[in-house]
Structure formats: structure tokens, C-alpha cells
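Taking it in order: structure first as C-alpha cells, then the write-up.
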Amino acid sequence: MGWTQILSNTKFKEIGVIILLAAFALFLGGYGENTWYLPIINKLNNPNLYPNDLISTFLSGNGNNTSFFYVIVAFITRYIDIAMFSFIGYIITLIFFCLGVFYLARTIFKNSNIAYLAVILLLIPKMGLTGGHTFSAEFVYRDISIDLILFAVIFFLKSRYIFSFLLLGLAFDFHILTALPVLGFFLFDLIFRYWKLDTSHRKQMIISLFVFALVITPMIFFYSGSSSSLFSGSFFSRADPQWLSIMQERASHLLSPRTWTDQISAYAPLLILTIISGIYLVLKKEHLANLKVHKTFLNLFYVFLIYVVIEVIFTEIIPWEPLMVLRILTINSITNIIGIIYISYFLFDIYSNSQNEKMIPKYLNYLLIAGLFASLFLYDFKIAWALIPMALASLAPPNKRPISYILYLVSIGLLIYLADNKQSYGTVIFGFCWFIALIAIDYIKQRKILTLLSRAALIGLTIVMFMVLLFGTLIFSSHLSSGHSLTDSLMERVNIPYITPTTQYKDVQLWAKTHTNISDIFLVPPEAYPGDELIHIGGGFRSYSERPIYGEWGRDGDFGYFNHGLAYEWYSRMNELDIYTSEDLWKYTLLDEKKIKELQKKYDIDYAVFVKPKQLNFPVAYENELFIVYKIM
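To convert, take the position in the sequence shown, counting from 1, and add 46; that gives the numbering used here.
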């Protein structure tokens, strides 16, 4: 089935609903300019920028040759404003993400209602291992790659391997680290089923691999033609202990399973609920209706377990840099999406089968559905943990009702114990609102009165529950991937070009761009720290100033991930600021004239930026409401 056939099988109304849901996701999650890649784009369009910068070599090297994204964006933004291009690009990728989830869910379960539910549950990004999200709140190459992978999986499930590997190859060109683990999954599944394939499918598989190789060949030549590398250590030796120690401090969630405590506690409920949903599917024998598809995802689960074992061995027992850099568990973003799809089936099927249940079992099912919807939508993993016993109760046969009731009591006890903050209280209230709504819908349906009044009641209830969905999320959700709370203003969360006011920190950068020399070096806050009035004020000073800087904690630490020398130099510079861990970032505010003069002599620093109030005996070059810039003399 080709692209046109997929689109023709979807009603225009359905596409319109998905676009509206994507707009809702934009409203919920917000959008911010991606200051991470702007210096790379700036450097491509003007090679003279960032002289003597800490990461100048990286910006000219493997910062822009591991993805065609940078080259494409750099070319386009010579003619189109980058802020507007990024905003439009983000909207397009978000729409295709929602469409991809919808099509994938419908391909698996042949049910549009399940597909809609899956999209809704993914409107707020879900975090997994290695800190990855299902989608971002910025225009990034990783999200383009995920969109392509979603459609590649759809074609793969339909045995259209040529289209599948074509799209996977394009995803590879945009983000190697996202596409490579998925390639491993595809190959594992094909090898596992190779002898069961007929001759035509075997030929198609061979051709598809050739197509994949053809599509990624330009990227391989583009990459191999440079002097840079994804990793700078010896390929066959253990990772350098000093580099490993530095990177575990800076980006531990990308390297070492022992530091995944926070990620595991947030991710495990989703994994457990996915497994429960799969068991439920098998017990209902509904997997037989689309057995090949479900076996494929069972193979994906095996691949994921293999990846986890490999990751543990080669990051903990025998640290091996190439595997650390490749980060094969980035496939977790795709497994999260598929997990949500299976959980959506689980919730929808329980609701459908509850219609013929007696009142108490029915309302207990409604309680489970409402609770899981609230916790997964808002992604309150603590409440999701508490509801796992309820979900297990759904696996019990009808003649084991007492066991189900005991499990429900366990969940209620866990809810009382784990709901210990505003967000958890809010999730419980949010879920209770949906529970009442399900009861109200059931009451109206049971009356079977097709009158204008009953229809008006259903419409009114729909509007009320949409408002609950909206304002409940605004009130109860924690910070999302955009770094803003939903209680922030719309303009703060959705950075609309030419409309959203310029931030105070961006104002300083624009001043630097127009009032300083291209070679002037700035000492800037290394990252956000407690007490700052802006979020991530220290991130991306290069982006709009187009000036070299002494160094930043977050972004420069990421670049050190691919280069030992840069990692050592970056960490040494942070140490000179008395910063050794992320908890020390506030110490930047303690810098005095003596220390700044020492840094000036060593690194030729011309200006220093601080959050007000900061009194130093240097001339003030510029200031606004939140920041002050000193000229270092």
C-alpha cells in the first residue's frame, strides 16, 4: 500500500480531527526556538563566526556532518527567516507525529477509536530511558526521524519492505542515533521470519536492503569525507576512564544504567502496563485476528531486552565508547509510542466489555479506565504505579472476583500513600472527573431516549469534559519538555515568531551581535540555577549573539560526548568556575573581579554577563531588567 492509498483510506474528517489534536498538543506542550543547533547553522552560513570559541572546531566538524538536517536548514534559511522556518517545521513534524501514531494504531488494531485514544494519550510527551521523549517542544532532527520511523513501521507491518527501508534510510540521514536501533529491530524480525517468507517477499527484502544502503550512502560519504568522528577513543579498547567520569557527571542518563534511577521509576509503569495489555490481548485471544503484527512487536520486545543487556554490559561491566555514543536504547522512544497504543487498546476494550457488566464490576472498570487515562495523559508515574494492581485485576477470570476486589483495595491504599503532592492530588481529582463522566455517559445511554434533550446532554457533557481536559491539564500537569509549566502564559509557552516578546536574555545576545566585534569572547552563566527568573538563561548565548563564549554547562557538555579533548577542556573550564556538578551552577554568581581578571588573562575574555544584582568594578557595557554586561578591562 502506497502513500496515496493510506491517505485515501482515511476520511478527511479523521485527518481534520488529528490536525486539531496536534494543535492541542502545541498548546499543551508549547514551542521554543531550538538554540542548540543555531550556532551550527550560523557557522555553516558564515564560517568566520565563533573564532577562539571552546567548541569552534566541533561546530566546523562533526557538529554538522552527522545529519543532513543542518545542511538543509542552513541552505533554506539563507532565503527564509530561521525563526519562522523552525516554527512551521515544528508544526509539520507535530502533525505528522500525530498522523503516524494514528495510522500505526489503526494498522495494529483496525479501530479508529483506539487510534484516537493513543494520539490523545501522547499529546503530552512521554519520557523513557536515556532521557528521550516521544516528541520535543522544539524543531529538531530527532523528531523528523521519529516521524519517518513511524511510517516506516507501518509499511513494515504491511510487508511493504521497500517503502519501509526507504523511509528508515531517510530517518538515518536525519538522525543516525534514532534510526540505527530501529534498523536492528527490522533486521532481527526479518531474520527471525526469513525462512517463513515466500520467494517474492525474500526478493523484496533483499531489494529493500539495497534501497536502504543507497539512501544512506550520501550521508556515509558526507561523514567519512570529514576529519571528525562520532567518538574519539580507540574503537576496540575500553572507554577512557577520565572521559567516562566526566560524561557520567554531565549526561549520566545517556551512559550508565546505574544512574537511571529517576528514569526507571518514571518509565517502568508504562512498560509494566504495556506487558499487562499484551497479556490481556492474548487472554482475550484477540491477537489471533492480527497475529503477524503482534508477533512482530513481540520481537521488538525481545530486541529491546537484548539492547538493555548489551547496554548494561558495555557501559557498566566493559565500558565501550562506540556503543555508549550510539545509545541503542534511543529505540525507547518508539517502544513508548507502541506501548501507549497497546494500553489504548486495553482501556478501550475494557470500556466496551463493561457495557454488559453489573453495576459494581462496571464502575470498578470505569475507575480503572479514568485513573489510567489521567495518570498516562498527564504522565504522573506515581499514580500510574498505584493503579497497576487495578490493571492486574482485569486479568483475573470472572470466577475470581474476590482477587480483583483485593487488588483494587491495594491500589486505593497505594493511591493514599503515593499521592503526596499537588500534582498527584490533581491527577487523582482529574481522574475522578473522568470517572464521573463515564458514569454520566452510561446513565444517558441506559435511558435509550433519543430525544433532543438527551442529545443536548451528551453534547453538553462532551464540552464539559473537554474543559476538564484543558483546565485540568493547565492546573495539574508538571513541567513539560518545553521547560514551561502549563500555567505559564500562552506567549511564554508557544514562541510564535514576530509575536512572542523577546526574552531578556535574547535581548542581551542581540545587543552583543550589533555592538561588539565578531571575535569578542563572552563569559556567560553556564546554565540555569536556583533563583533565576528565566528558565535556562545560560543556554545558547552563541545562538543570537553569534559571538564566541567561555563555555556553557549543558550544550558544551553534550558536544564533549563526542570528543575527548573537548570534554577535558570543557570540564577544566567549568572547574575554574568552581563548578564540578550541576548542583554547583549557582557558584557562577560568586565570581569576583580577581577571578574574572585571571580568566581574562588566560582566555582573552572581553565581556562578562551576570544576572542582576551583581556589582563589579568594571565598566557597564549594557544592562536590561534582568541582566548586566560588564566590559572586562
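Heads up, the beta-carbon is just placed ideally off N, CA and C, and yes, glycines get one too.
Which of the three DSSP states is assigned to residue i in this structure?
i	result
residue 184	coil
residue 69	helix
residue 404	coil
residue 592	coil
residue 285	coil
residue 662	coil
residue 465	coil
residue 425	coil
residue 221	coil
residue 125	coil
residue 716	As displayed, the chain neither begins before 47 nor continues past 679, which places residue 716 out of reach and without an answer.
If you drop the 5 nearest sequence neighbours on each side, which residues of the same chain put their C-beta closer than 7 angstroms to that of residue i?
i	result
residue 253	208
residue 427	311, 312 and 315
residue 152	158 and 161
residue 94	564
residue 247	205
residue 82	586 and 601
residue 236	251
How would you write the range of the beta strand (DSSP E) that residue i sits in, first residue to last?
i	result
residue 567	567–569
residue 673	673–677
residue 667	666–669
residue 101	Looking at the DSSP string, residue 101 is not in any beta strand (DSSP E), and its letter there is neither H nor E.
residue 651	651–657
Quick one: what's got a C-beta closer than 8 angstroms to residue i's C-beta in the same chain, skipping five residues either side?
i	result
residue 159	394
residue 626	295 and 620
residue 90	110, 116, 117 and 120
residue 441	322, 325, 326 and 329
Comparing C-alpha positions only, which one of the options sits nearest to residue i?
i	options	result
residue 652	566, 641, 663 and 664	566
residue 601	562, 101 and 186	101
residue 375	126, 246, 352 and 391	352
residue 673	463, 477, 408 and 553	553
residue 79	94, 137, 64 and 69	137
residue 682	187, 479, 348 and 338	No statement about residue 682 is possible, as the shown extent of the chain runs from 47 to 679 and does not include it.
residue 379	192, 127 and 675	192
residue 444	400, 456 and 429	400
residue 613	287, 219, 255 and 629	287
residue 264	219, 238, 606 and 466	219
residue 342	231, 629 and 405	231
residue 596	608, 655 and 628	655
residue 67	98, 128, 163 and 559	163
residue 439	424, 423 and 457	457
residue 645	659, 623, 635 and 630	623
residue 446	148, 407, 472 and 589	407
residue 664	147, 185 and 675	675
residue 430	471, 547, 449 and 648	471
residue 195	212, 185 and 184	212
Beta-carbon within less than 6 angstroms of residue i's beta-carbon, same chain only, minus the 5 sequence neighbours each way: which residues are those?
i	result
residue 382	172, 174 and 180
residue 215	258, 261 and 262
residue 210	198, 201 and 202
residue 57	none
residue 87	119 and 120
residue 143	181 and 193
residue 139	189, 190 and 193
How far does the alpha helix (DSSP H) with residue i in it reach, from first residue to last?
i	result
residue 602	600–606
residue 116	114–122
residue 611	610–622
residue 560	550–561
residue 340	337–358
residue 158	158–167
residue 370	367–372
residue 91	84–91
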